[in-house]
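First comes the structure, then the notes that go with it.
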Amino acid sequence: MTKKVDINNPLFSRGCTCLPLDGEPSPYSNGCAKFSAYDYLSQIPASGYETDFEFAEIRLKNNHKEFMHVQPDIKLQQGDIVLVEGNPGHDIGIVSLTGHTARLQMKAKNIDPEHTELKRVLRLAKPNDIEKWAVSSSREETTMLQTRKIVENLKLSMKINDVEYQGDGSKAIFYYTADERVDFRELIKILADRFKIRVEMRQIGIRQEAGKLGGIGPCGRELCCCSWINRFHTVSTQAAKIQQLVPNPQKLTGQCGKLKCCLNYEHEAYMDALKEFPDLELVLKTQKGEAICQKIDVFKKLMWYAYLKDPNNFLALPLDKVKEIKEMNLAGQYPENLEDYAMAEEPKSFYEQASDYDLLNENGPDE
1441 MTKKVDINNP
1451 LFSRGCTCLP
1461 LDGEPSPYSN
1471 GCAKFSAYDY
1481 LSQIPASGYE
1491 TDFEFAEIRL
1501 KNNHKEFMHV
1511 QPDIKLQQGD
1521 IVLVEGNPGH
1531 DIGIVSLTGH
1541 TARLQMKAKN
1551 IDPEHTELKR
1561 VLRLAKPNDI
1571 EKWAVSSSRE
1581 ETTMLQTRKI
1591 VENLKLSMKI
1601 NDVEYQGDGS
1611 KAIFYYTADE
1621 RVDFRELIKI
1631 LADRFKIRVE
1641 MRQIGIRQEA
1651 GKLGGIGPCG
1661 RELCCCSWIN
1671 RFHTVSTQAA
1681 KIQQLVPNPQ
1691 KLTGQCGKLK
1701 CCLNYEHEAY
1711 MDALKEFPDL
1721 ELVLKTQKGE
1731 AICQKIDVFK
1741 KLMWYAYLKD
1751 PNNFLALPLD
1761 KVKEIKEMNL
1771 AGQYPENLED
1781 YAMAEEPKSF
1791 YEQASDYDLL
1801 NENGPDE
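When we follow our numbering, the leftmost residue of the sequence shown carries the number 1441, and every step to the right adds one.
What follows is the structure, encoded as structure tokens:
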């Protein structure tokens, strides 16, 4: 019988569907964890080359994962709960990748085990280790809420996003965001005295905050920053302009308040497609008058032109027709009008109508 997911258990953020029970298989579910990586080589018999790889990917909390050294006498598989080195003390983690898949993941993240100091997996966790781990994890939410009140009382310009207790309960990492440099020396003293722990403050960016907290995007799917993006690239408004998107901040910004990462997904495709288009400032000259480009549809290869004397009357011209008229103009020839080259207007889709509605609201009503 399939177990129900208990979202109230303190280890849910580690990928455990329920509390581990002695003598039962690990409740770890890789698909439910943030930044889960599918081990597509798990069903392939491993050769000696893969089995000799003495490193594994260990999941701690949410998107916090580390690669650690594994002793040859410790045989691990995905889902094993292990005792690992802490700083100081020890921590508890769950094995998420082993063997050749872990090797490929380390290579993708540019981690060289020969030149990088990595922590060690000590042994498989015992029942008393897991019990202490669950007790420490259960303190995280209350600690975070109390810390936010302390920060407010100290009038510090910072936001506490998450708290991660070490497996032995001796240390906690406080993740925070701040626009400016923060002097939190007094805060550390108060936290260490109240919770009787070693305190580590770790600053993260706004995009990393969204990835740590999670959420659902306007596309209806889980946020990319908490499911697979771990390297953030600069997103500029130029990417939105190239894709002919309405310059509406409410549409272009994500839950983090910055431009959506997905604006970069199709940027290169649009750049390649725009190479076929002439300069958008190109003026087409006809006997009826001059016309300027109002908008374009990149993948339909359409350009909408309007006469200077009648700017509200858009004419959809295929790209090849625009190039033809351009060559005529360069040769000193002027067609009678653009209507002879224009396409019949197609009925607008729901999304095109919605885009026009947004554009109208952006420009405001006519005076």
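Beta carbons: idealized from backbone N, C-alpha and C, even for Gly.
Please read all numbers here as calculations on a predicted model, not as lab measurements.
The Cβ neighbour count for residue 1513, taken over all protein chains shown within 10 Å, is under 16; the residue is labelled exposed.
DSSP lists 1735 and 1756 as the bridge partner or partners of residue 1744. Contact between residue 1495 and residue 1509 holds, with the beta-carbon distance rounding to 6 Å and staying under 8 Å. The closest CA to that of residue 1752, considering only 1742, 1480 and 1733, is found on 1733.
Taking a C-beta distance under 7 Å as the contact criterion, residue 1563 and residue 1534 do not qualify as a contact pair. When DSSP states are grouped into helix, strand and coil, residue 1582 belongs to the helix group. Within the stretch 1465-1550, the runs of beta strand (DSSP E) that reach at least 3 residues and sit entirely inside it are, in chain order, 1495-1499, 1505-1510, 1521-1525 and 1530-1537.
CA-to-CA, the gap between residue 1574 and residue 1709 works out to about 48 Å. In the assembly as shown, residue 1765 is a buried residue. Its beta-carbon has 16 or more other beta-carbons within 10 Å. Under the three-state reduction of DSSP output, residue 1762 falls in the helix class. Annotation: residue 1724 to residue 1761 spans about 11 Å, alpha carbon to alpha carbon. The straight-line gap separating the alpha-carbon atoms of residue 1630 and residue 1619 is approximately 22 Å.
The Cβ atoms of residue 1481 and residue 1538 do not sit closer than 7 Å to each other. DSSP, read as helix, strand or coil, puts residue 1603 in strand.
Residue state for residue 1575 is assigned as helix, using DSSP reduced to three classes. Taking the Cα positions, residue 1617 is about 26 Å away from residue 1688. Boundaries of the beta strand (DSSP E) harbouring residue 1617: 1611-1617, taken from the DSSP string. In the displayed model, residue 1591 falls within a helix according to three-state DSSP. The three-state secondary structure of residue 1628, taken from DSSP, is helix. Judged by DSSP in its simplified three-state form, residue 1656 adopts strand. Nearest to residue 1479 by alpha-carbon distance, out of 1526, 1711, 1543 and 1581, is 1543. Burial is judged here by how many other beta carbons sit within 10 angstroms of a residue's own beta carbon; residue 1731 has at least 16 and is buried. In terms of Cα proximity to residue 1755, the closest of 1652, 1565 and 1737 is 1737. If you ignore the 5 residues before and after residue 1763, its C-beta comes within less than 8 Å of the C-beta of 1718, all in its own chain and listed in chain order.
In the structure shown, residue 1648 adopts helical secondary structure according to DSSP, grouped into three states.
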